[in-house]
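Novice:
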Amino acid sequence: MAHRFKNLEIWKLSRLFCSSIYELTSTFPDSEKFGLTNQLRRASVSIASNIAEGSSRKSNKDFNRFLEIAVGSMYEIETQLLIASDLGFIHQKELDIFLGKLESIVKMTSKFKVTLSK
């Protein structure tokens, strides 16, 4: 049962979140180009990509597996944002905004996973 990923709210939000990660990391020091900048960007691209790829799978069980991978990338991003904050690349207010957006996407994805299991 294929889903139309472009219609999924979690995909739309994760795509917007990815763009905001790119904007945020553009302010990181050049020395982080191959460090946190690259890691954050790759993980944020992975979220929307895994939702899209999973939606093409024939079974909800397979789709669920890709959603699990997407959630893993979300937690990876959370850790990397906290490290970026520890290093002074992100101010606390900005960190709170990003973590809030990320938490919303995690919750929505978790709820969606429950509906797929039914």
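With positions in the sequence shown counted from 1, the corresponding number in this note's numbering is that position plus 23.
Just so it is clear, CB atoms sit at the ideal spot from N, CA and C, and this is done for glycine as well.
Taking just the CA atoms, how far does Phe-51 sit from Ala-93?
Specialist: Sequence index remark: in the sequence shown, residue 93 carries index 70 (1-based). Sequence index remark: in the sequence shown, residue 51 carries index 28 (1-based). Spanning the two alpha carbons is a distance of roughly 24 Å.
Novice: Let's test the definition: count the other Cβ atoms within 10 Å of the Cβ of Leu-36 and tell me whether it reaches 16, buried, or not, exposed.
Specialist: Indexing the sequence shown from 1 puts residue 36 at position 13. Buried: at least 16 other Cβ atoms inside 10 Å.
Novice: Please work out which residues of its chain come closer than 7 Å, Cβ to Cβ, to Gln-62, disregarding the five sequence neighbours upstream and downstream, and give them in chain order.
Specialist: For the purposes of this step, residue 62 is taken as residue 39 along the sequence shown, with counting starting at 1. So the list reads Gln-103, once near-sequence residues are dropped.
Novice: Would you kindly check if the distance between the Cβ of Ala-107 and the Cβ of Leu-59 is under 9 Å?
Specialist: As a first step, residue 59 must be located in the sequence shown, where it is residue number 36. As a first step, residue 107 must be located in the sequence shown, where it is residue number 84. Their beta carbons are under 9 Å apart, which means Leu-59 touches Ala-107 by this criterion.
Novice: Since Ile-74 contacts Leu-31 with CB under 8 Å, what's their CB separation in whole angstroms?
Specialist: On the sequence shown, residue 74 is found 51 positions in, with the first residue counted as 1. On the sequence shown, residue 31 is found 8 positions in, with the first residue counted as 1. Indeed, because the Cβ distance is near 7 Å, the residues count as touching under 8 Å.
Novice: Distance check for Glu-117 and Ser-72, CA to CA, integer angstroms please.
Specialist: Numbered from 1 along the sequence shown, position 49 holds the residue referred to as residue 72. Numbered from 1 along the sequence shown, position 94 holds the residue referred to as residue 117. Spanning the two alpha carbons is a distance of roughly 25 Å.
Novice: Just reading off the alpha helix (DSSP H) that Ser-82 is part of, what are its end residues?
Specialist: Mapped onto the sequence shown, residue 82 falls at position 59. From DSSP, Ser-82 is part of no alpha helix (DSSP H); its letter is neither H nor E.
Novice: Let me know if Phe-121 comes out buried or exposed under the rule of 16 or more other beta-carbons within 10 Å of its beta-carbon.
Specialist: Position 98 of the sequence shown, counting from 1, holds the residue named residue 121. When all chains shown are included, Phe-121 counts as buried.
Novice: Count the other CB atoms, across all protein chains shown, that sit within 10 Å of the CB of Gly-111; report buried if there are 16 or more and exposed otherwise.
Specialist: For the purposes of this step, residue 111 is identified with residue 88 of the sequence shown, where counting begins at 1. So Gly-111 counts as exposed.
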